[in-house]
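So the structure is just underneath, and the comments pick up after that.
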Amino acid sequence: MRRSLSLTARFGAALLGVALLAAPGTGRAAEEAPTPPDLDWSFEGIFGHFDRAQLQRGFIVYNEVCASCHSMSLMYYRNLLDIGVSEAAATEIAEQHTVMDGPDDNGDMFERPARLSDPFAAPFPNEQAARAAQGGALPPDLSLLNKARAGGADYVHGVLVGYEEPPADVELPAGMYWNAYFPGHQIAMPPPLSDGAVEYPDGTEATVEQMARDVTAFLQFAAEPRQEERKRTGVKVVLFLIVLTGLLYAVKRKIWADVH
Amino acid sequence: MAETERASGHGDVARRDFLLLAAGAMGAVGTAAAIWPFIAQMNPAQDVLALSTTDVDLSPIEVGQRIKVMWRGKPVFIARRTPEEIEAARAVNLGELPDPEPDEERVQEDEWLVVVGVCTHLGCIPLGTASADPVGDFGGWFCPCHGSHYDTSGRIRRGPAPTNLVVPDYEFLAESEIRIG
Amino acid sequence: MKSSPAFQNGVVKWIDDRLPVFTFMNHELNEYPTPKNLNYWWNFGSLAGFVLVLMIATGITLAMHYTAHVDHAFNSVERIMRDVNFGWLIRFLHMNGASFFFIVVYIHIFRGLYYGSYKAPRELLWMLGVVILLLMMATAFMGYVLPWGQMSFWGATVITNLFSAIPLVGESIVTWLWGGFSVDNPTLNRFYALHYLLPFVIVGVVVLHIVALHTHGSGNPLGIDTKGPQDSIPFHPYYTVKDLFGLGVFLIVFCLFVFFAPDYLGHPDNYIPADPLVTPPHIVPEWYFLPFYAILRAVPDKLGGVLLMFGAIAVLFLLPWLDRSPVRSARFRPIYRIFFWLLLIDCIILGVVGANPPEGWWIVVGQITTVWYFAHFLIILPLLGKLERPKPLPASISEPVLRGGSATAGATSKPMEKA
Chain A
505 MRRSLSLTAR FGAALLGVAL LAAPGTGRAA EEAPTPPDLD WSFEGIFGHF
555 DRAQLQRGFI VYNEVCASCH SMSLMYYRNL LDIGVSEAAA TEIAEQHTVM
605 DGPDDNGDMF ERPARLSDPF AAPFPNEQAA RAAQGGALPP DLSLLNKARA
655 GGADYVHGVL VGYEEPPADV ELPAGMYWNA YFPGHQIAMP PPLSDGAVEY
705 PDGTEATVEQ MARDVTAFLQ FAAEPRQEER KRTGVKVVLF LIVLTGLLYA
755 VKRKIWADVH
Chain B
46 MAETERASGH GDVARRDFLL LAAGAMGAVG TAAAIWPFIA QMNPAQDVLA
96 LSTTDVDLSP IEVGQRIKVM WRGKPVFIAR RTPEEIEAAR AVNLGELPDP
146 EPDEERVQED EWLVVVGVCT HLGCIPLGTA SADPVGDFGG WFCPCHGSHY
196 DTSGRIRRGP APTNLVVPDY EFLAESEIRI G
Chain C
5 MKSSPAFQNG VVKWIDDRLP VFTFMNHELN EYPTPKNLNY WWNFGSLAGF
55 VLVLMIATGI TLAMHYTAHV DHAFNSVERI MRDVNFGWLI RFLHMNGASF
105 FFIVVYIHIF RGLYYGSYKA PRELLWMLGV VILLLMMATA FMGYVLPWGQ
155 MSFWGATVIT NLFSAIPLVG ESIVTWLWGG FSVDNPTLNR FYALHYLLPF
205 VIVGVVVLHI VALHTHGSGN PLGIDTKGPQ DSIPFHPYYT VKDLFGLGVF
255 LIVFCLFVFF APDYLGHPDN YIPADPLVTP PHIVPEWYFL PFYAILRAVP
305 DKLGGVLLMF GAIAVLFLLP WLDRSPVRSA RFRPIYRIFF WLLLIDCIIL
355 GVVGANPPEG WWIVVGQITT VWYFAHFLII LPLLGKLERP KPLPASISEP
405 VLRGGSATAG ATSKPMEKA
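Chains as they are written, first to last, in our numbering: chain A, 505 to 764; chain B, 46 to 226; chain C, 5 to 423.
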């Protein structure tokens, strides 16, 4: 017994070592920029959930600030219903944007107001137009941003609030800005947030920190709209499995009783 | 062999059987719950469901005009009928119809006819919506593939099609807006 | 539970007379003798079989929604995550299932290394297993390309480019693999076709693997043959219930990842759509390829690295002939046991090396661990076979558990562990 336990224990320790040493992905961004502070988010942890009021505020920030340069093509206007916006309000939001449709019976493309079933209207028709408008830099699509960056929400929030003056010995090229957490520190995006940039209908004060938090939460939702359901289901599944496995162990011991 | 019953006491057997039953029942429930997503994933996805209804604004349609809209991948004819067309539809002797159905049962508002524009014979799209189209001998639609004639209520009058043009589920959201589906 | 060759049910009998599935099942489950002293390291074969079935089920349902075209692949996967009913679950099961398939198989392999499962008469069983590993690696490699993220594209580019190292025909082979002049739509399409096909080839080889196993039966922790019915128990219900319990434990760990950390074993860059004009700062394969990636990069010469990488698997094929010790289980091979652990640590360090850019200390560490890996198989094992003095083996499997201190012939082995 002792021998197999130590085998197990040593193997377990080896596996733990590997998991800690080879933690995938996280190390790399830190080589080129400091790790942003670890913040508390309502959506973190096994019971993570979203504050729908925050998501709606975050959408307002996206819609009024970020959407002028960044597309979010994997989100649909109907997804606004999932963050608590009423169907009427969502339809109205959609109709404020136009999308290209067609060809019509004459063979022409035409513009029409967006519907709930349409994806978020993109600010530019294609990558080349986006680059041309941004001096060659491409504002990335934001649909998956929180999952596409090491550090996730902490990193995205860090970049949004991390603009600072460059160190004295650095000469920034024109059109670049200094950011504490962006890899390499030089970022082509000007600071997108300033106090009071949007007005929240629920009266919350729109400070840079508040807007950064809200839009990051919205981006987290956009990256994986089903994550709350995933975690809720996970709690039920794992609890069920623990009970079932316990029962199976008892059955196993019973059946094996005459062998030992 | 698994004849372990004889080795244990009766109480042990009862407990082992209960355990077995409990574990088996839980396992069965768990397996069923695990299989369900694999079946449910074949049902229409969210984006398909979002396109399951189409809202149509009727205000630009003139009396006597017909339009074609897409709904669930199929064409739908919307006709704003003239009084003559309505009367022609009502005046028909139901006995003459291959698929008898009174016009009143095919419309919610007399003026507005909404039918799926797919011929019930073999699925071609009948002509009659555009103003230059032939409308067949009964003032409605004419299917060029095999010569089915539909009347001003979208009912089959002559030709190989067995049934009338299908009337989809629709509702009036407002006087000049309908939601199909 | 009765198990008799004469089935009572008329329908069962009718079928069995014409196609003896029930006799076969009865033999394989109820009658098939299994050593009674297997420990939990023997669960991992059945776990691998379970994961294979899971991967096929999730794979086929994913295939109902996936589009294998460079313009649509990435978005079709996101559609699965967002719009398809339970799509997120099926996708995360498939994605983490791949990782857990390798976890389970690597443990299964190391079990074999420790207990000498590759030794006569199980050499072919072992080699079939290595074939399964190779097929798994090919399947996983192609599968990772399908979401068409940045790592999908660039990992495919790096690995397919390796074949250009082959002298004379290398470039032609790469063009042939690509179906073009770079990784592009033709490549994606054919990887999809092959990724769908190979798992069924794996199923076939697994069947052969099990047939080979049942020819001589399972090994056991003592490494000595079963001497008679007193050493064995029927597979059902003993090992069916033990396997089910092990499956429960496995599922708990698996579900913790699937539901609470589904992206932990992946790489964020694969959530960026593939861009042939932008190379990620560090191209890394999935974690289960990292040791091989490290071996590949340990050699400065491109062809050398490729040969050594494939060589790392080739030595596994040769293992039954490299390790000639007549003693199977490391329980009775105290020196071999030390080298086993060193090999395991070596493989883990190789994995860490593979995760890091080939700079600074990592280069030296990578070279040392690569040399050690091959030295273990090509130098140490053959030497040990000749020079090691193993501990005395017990007389039989049942013998050590007899109480009252009876037969002590060679009983330096430890008492039986309780399962």
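No residue lacks a Cβ here, since even glycine has one placed at the ideal position from N, Cα and C.
Using beta-carbon distances, residue 81 of chain C does not count as an interface residue toward chain B, since no partner is under 7 Å. Listed in chain order, the positions of the region 91 to 109 of chain C with a beta carbon within less than 7 Å of a beta carbon of chain B are 91, 93 and 94.
Distance from the CA of residue 734 of chain A to the CA of residue 120 of chain C, rounded to the nearest whole angstrom, comes to 42 Å.
Residue 238 of chain C is bridged by DSSP to C:37. Within the region 699 to 732 of chain A, not one residue has a Cβ closer than 9 Å to any Cβ of chain B.
Cα atoms of residue 181 of chain B and residue 193 of chain B: separation of roughly 8 Å, rounded to the nearest angstrom.
Taking C-beta atoms as the reference points, residue 169 of chain C and residue 307 of chain C count as a pair closer than 7 Å.
Listed along chain A, the residues sitting closer than 9 Å to residue 86 of chain C by beta-carbon distance are 578, 579, 580, 583, 728, 729 and 730.
Of all C-beta pairs linking the region 191 to 208 of chain B to the region 132 to 144 of chain B, three or more are shorter than 8 Å, placing the two stretches in contact. Residue-level contact by beta carbon fails for residue 367 of chain C and chain A, as no gap is shorter than 7 Å.
Boundaries of the beta strand (DSSP E) around residue 195 of chain B: 193 to 196. Not a single C-beta of chain B is nearer than 7 Å to the C-beta of residue 27 of chain C. The three-state secondary structure of residue 697 of chain A, taken from DSSP, is coil. For residue 224 of chain B, no alpha helix (DSSP H) encloses it; the enclosing beta strand (DSSP E) starts and ends at 222 to 225.
If you draw a 10 Å sphere on the C-beta of residue 665 of chain A, you find 16 or more other C-beta atoms in it, and that means buried.
The Cβ neighbour count for residue 328 of chain C, taken over all protein chains shown within 10 Å, is under 16; the residue is labelled exposed. When the alpha-carbon of residue 744 of chain A is set against those of B:66, B:62 and B:72, the nearest one is in B:72. DSSP places residue 595 of chain A within a helical segment (H, G or I) once states are collapsed to three.
Annotation: residue 705 of chain A to residue 561 of chain A spans about 8 Å, alpha carbon to alpha carbon. Assignment of residue 605 of chain A by DSSP, reduced to helix, strand and coil, places it in the strand class. Proximity of residue 646 of chain A to chain C, defined by a Cβ-Cβ separation below 7 Å, is not satisfied.
Identification of chain B residues near residue 68 of chain C by a Cβ-Cβ cut-off of 8 Å yields 86 and 87, ordered along the chain. Interface annotation, residue 65 of chain C: in contact with chain B, CB-CB separation under 7 Å. Taking C-beta separations shorter than 7 Å and ignoring five residues to either side along the sequence, the partners of residue 152 of chain B in its chain run 158, following chain order. In this structure, C:218 is the residue among C:218, C:252 and C:105 with its C-alpha nearest to the C-alpha of residue 33 of chain C. Approximately 4 Å separates the beta-carbon atoms of residue 162 of chain B and residue 122 of chain B; this is inside 8 Å, confirming the contact. Taking a cut-off of 8 Å for Cβ pairs, the region 34 to 52 of chain C and the region 111 to 126 of chain C touch, as three or more such pairs fall below it.
As computed with DSSP, residue 332 of chain C is found in no beta bridge at all. In this structure, residue 38 of chain C sits away from residue 297 of chain C, with a CB-CB distance that is not shorter than 7 Å.
If you look at residue 749 of chain A, you'll find it in the alpha helix (DSSP H) that goes 731 to 760. Against chain B, a Cβ distance below 7 Å from residue 621 of chain A picks out 95 and 96. Within the DSSP secondary-structure output, residue 580 of chain A pairs in a beta bridge with A:623.
Annotation: the continuous beta strand (DSSP E) that includes residue 216 of chain B extends over 215 to 219. Under a criterion of Cβ atoms nearer than 9 Å, the residues of chain C adjacent to residue 738 of chain A are, in order, 259, 260, 262, 263 and 264. Under DSSP, the beta-bridge partners assigned to residue 184 of chain B are B:196. Residue 177 of chain B sits exposed, since fewer than 16 C-beta atoms from the chains shown fall within 10 Å of its C-beta.
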